[in-house]
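Report on the following structure.
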Amino acid sequence: MDNEFYTLLTNKGMAKIAAALAEKKQLHLQKMAVGDGGGQYYEPAVNQTKLRREVWRGEMNTLTVAPNNPNWLIAEVVLPENIGGWYVREVGVFDADGDLIAIGKFPESYKPLLPGGSGKQVCIRLIMEVSNTTAVTLTVDPSVVLATRDYVDSLLDEHEHSTRHPDATLTQKGFTQLSNATNSDDETKAATPKAVKAALAEARNHTHTWSQISGVPDGTLTQKGVVKLNSATNSTSTTEAATPSAVKAAMDKANAAAPASHTHPWNQVTGVPDGTLTQKGVVKLNSATNSTSTTEAATPSAVKAAMDKANAAAPANHTHTADQISGIFPKLNGDGSYNIVGITANFKDILTRSYQQIPVGMLIQGSEVKSCYLIEDDTPSYKNAFYLTDILPGLWQTCTAITSSRILTGNENVAFLAQRVPIGNISRFSNIRALKKNFNQIIPFEDRTIISVDLMCDIDGIGANITFTAAKNDVEEYGRILFKNAIDRLYGDFTSENRPIN
Numbered sequence: 001m002d003n004e005f006y007t008l009l010t011n012k013g014m015a016k017i018a019a020a021l022a023e024k025k026q027l028h029l030q031k032m033a034v035g036d037g038g039g040q041y042y043e044p045a046v047n048q049t050k051l052r053r054e055v056w057r058g059e060m061n062t063l064t065v066a067p068n069n070p071n072w073l074i075a076e077v078v079l080p081e082n083i084g085g086w087y088v089r090e091v092g093v094f095d096a097d098g099d100l101i102a103i104g105k106f107p108e109s110y111k112p113l114l115p116g117g118s119g120k121q122v123c124i125r126l127i128m129e130v131s132n133t134t135a136v137t138l139t140v141d142p143s144v145v146l147a148t149r150d151y152v153d154s155l156l157d158e159h160e161h162s163t164r165h166p167d168a169t170l171t172q173k174g175f176t177q178l179s180n181a182t183n184s185d186d187e188t189k190a191a192t193p194k195a196v197k198a199a200l201a202e203a204r205n206h207t208h209t210w211s212q213i214s215g216v217p218d219g220t221l222t223q224k225g226v227v228k229l230n231s232a233t234n235s236t237s238t239t240e241a242a243t244p245s246a247v248k249a250a251m252d253k254a255n256a257a258a259p260a261s262h263t264h265p266w267n268q269v270t271g272v273p274d275g276t277l278t279q280k281g282v283v284k285l286n287s288a289t290n291s292t293s294t295t296e297a298a299t300p301s302a303v304k305a306a307m308d309k310a311n312a313a314a315p316a317n318h319t320h321t322a323d324q325i326s327g328i329f330p331k332l333n334g335d336g337s338y339n340i341v342g343i344t345a346n347f348k349d350i351l352t353r354s355y356q357q358i359p360v361g362m363l364i365q366g367s368e369v370k371s372c373y374l375i376e377d378d379t380p381s382y383k384n385a386f387y388l389t390d391i392l393p394g395l396w397q398t399c400t401a402i403t404s405s406r407i408l409t410g411n412e413n414v415a416f417l418a419q420r421v422p423i424g425n426i427s428r429f430s431n432i433r434a435l436k437k438n439f440n441q442i443i444p445f446e447d448r449t450i451i452s453v454d455l456m457c458d459i460d461g462i463g464a465n466i467t468f469t470a471a472k473n474d475v476e477e478y479g480r481i482l483f484k485n486a487i488d489r490l491y492g493d494f495t496s497e498n499r500p501i502n
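Residues in the sequence shown are numbered from 1 upward in steps of one, following the UniProt record's numbering.
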């Protein structure tokens, strides 16, 4: 069989055809595929489920019964011009489920591509032998198939020799005979343009008197029609038309009247309403800024006075310094806070010099006082009942009067209640000059750490030439800013250094 070309129904195909006959259903064939056989001829087998090497697959064009053998089905597919570049040696027919129903050994045929210099449409025809052709039908998408010339010619020939050419009637399309008659009642013929022209000319070639015309509508506000004329200038009719005479009379009267742009003095105008909250009208002006009237209009003078007062007031987003705000809790050692403090050696000297008294409210810079803590002491003098810790930042004031009747020794401490003066904002500082640096302890010179600085300055609302201690770790932001500015020498060079012993 190497030199023969034939078609086989596959095992799957025979089983599906048998099932279709038994169940009185139809097997739907849909696609055909071609292959090159892997580069050579081979003998197709009934147990194949696919082509050896498929190169193209498409919708089947036609599926017909052979005219000379009722058990033969002829399947055709057209290979379009835009595919190719391979040989056809095997052909397969597939159903709607994608199963291979029949496979054929096909005479070798080369399918060229258009870019190769030539192109052609190739019609592949496969003949299958089945016991009952009614069990097989074609399922095809007509939008993707190509018709062969034989198929088109057969349809044209069938139509040409058929007798299915119905006459045209009032209810169906068909063939009809033309007629030039203009007086015919025939409903099976078609009028020519000549007949239509003659009928139109006849329709235009006659006249009627008014008495012969009936059903002419009257003209109204809602429809066109005939109307009666009226020359009156005071009529209220809506079914008559004014004459030019009536229009002229009305126009003459209008021209004799005052022009549209005329004026009147105020005393000739009546019925002008007063302006209120619910209606427009005339109103009286009022320049007061404390009036509760709802029937008068404020003058620009009153508006300006109110605006000036508003501008002089604090804006909605204004701020306050800490001393302007009451009822808030101060930060620990911050503005407004209280502390039990002890005085430094320098301040002791001030206190004991001439047995001087320190009054309530005396201002003391933070570097001259230290926070302290109390401890139990079993000595009768209680000289060491409390101990000093760190110097405090800011500006402090005494809350009690302090009096010394003798000179204090170096190991004696004095403790009292003090409050940090609330300042709140760096903008209150002016005329700032650097005084001295304060170090935390006596350590080698190169390792000393500056913990605060003393500044001479004027503070708005407090006084001039006040010594203020700005600390690196101040809880108040303005204190930290002053410290940084001083370290950056924005307030000049320091005149001295202070290294207290902790």
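Glycine residues also receive a C-beta, built at the ideal position from the N, C-alpha and C atoms.
Ala96 and Gly13 do not touch by the CB rule: their CB atoms are close to 13 Å apart, not below 8 Å. Rounded to whole angstroms, the gap between the alpha carbons of Lys228 and Ala241 is 6 Å. Annotation: the continuous beta strand (DSSP E) that includes Ser452 extends over Ile450 to Ile459. DSSP, reduced to helix, strand and coil, places Lys280 outside both helices and strands of the structure shown, so it counts as coil. In the structure shown, the three-state DSSP call for Tyr478 is helix. Beyond the five residues adjoining it in sequence on each side, Asp460 comes within less than 6 Å, by CB distance, of Arg428 in the same chain, given in chain order. Boundaries of the beta strand (DSSP E) harbouring Arg125: Val122 to Glu129, taken from the DSSP string. In the DSSP assignment, the residues bridged to Phe416 are Val341. Here the stretch 45-59 makes no contact with the stretch 15-25; the two share fewer than three CB pairs at distances below 8 Å.
Check the Cα spacing between Ser337 and each of Thr398, Thr236 and Leu285: the tightest is with Thr398. Of the residues Asp186, Val414, Thr469 and Gln177, the one whose Cα lies closest to the Cα of Phe439 is Thr469. By the C-beta criterion, the stretch 118-135 is judged to be in contact with the stretch 68-88, since at least 3 inter-stretch pairs fall below 8 Å.
The C-alpha of Ala302 is placed about 32 Å away from the C-alpha of His264.
In the DSSP assignment, Pro244 falls within the alpha helix (DSSP H) that extends over Pro244 to Ala256. About 6 Å separates the Cβ atoms of Lys31 and Glu59, confirming a contact at the 8 Å cut-off. In the structure shown, Thr7 adopts extended strand secondary structure according to DSSP, grouped into three states. With a 10 Å radius around the Cβ and a threshold of 16 neighbouring Cβ atoms, Gln268 comes out exposed. With a 10 Å radius around the Cβ and a threshold of 16 neighbouring Cβ atoms, Gly361 comes out exposed.
Our two residues, Thr49 and Leu9, have alpha carbons roughly 11 Å apart in a direct line. By the neighbour-count definition (other C-beta atoms within 10 Å, threshold 16), Val272 is an exposed residue. By the Cβ criterion, the stretch 104-116 is in contact with the stretch 81-93, since at least three pairs of Cβ atoms, one from each stretch, lie closer than 8 Å. Beta-bridge analysis with DSSP links Val65 to Leu73.
Listed as beta-bridge partners of Asn230 by DSSP are Ala242. Straight across, the Cα-Cα distance linking Leu388 with Pro315 is about 46 Å.
Going by beta carbons, Ala199 and Thr182 fall inside the 8 Å limit. In the three-state scheme derived from DSSP, where H, G and I count as helix and E and B as strand, Glu43 is classed as coil.
At a Cβ-Cβ threshold of 8 Å, Ala190 and Thr169 do not count as neighbours.
Judged by DSSP in its simplified three-state form, Gln177 adopts strand.
For Gln172, the three-state secondary structure derived from DSSP is coil. For the set Val65, Ile391 and Leu435, the Cα lying nearest the Cα of Arg420 is the one of Ile391.
Apart from the 5 residues on each side of it in sequence, Gly275 sits with its Cβ closer than 7 Å to the Cβ of Gly281, Val282 and Val283 in its chain, given in chain order. Between the beta-carbon of Cys457 and that of Ile432 there is about 4 Å, and that keeps the pair under the 8 Å contact cut.
Assignment of Lys105 by DSSP, reduced to helix, strand and coil, places it in the strand class. Contact between Val93 and Phe106 is ruled out by a C-beta separation of about 12 Å, above the 8 Å threshold. Here DSSP, grouped into helix, strand and coil, assigns Gln26 to coil.
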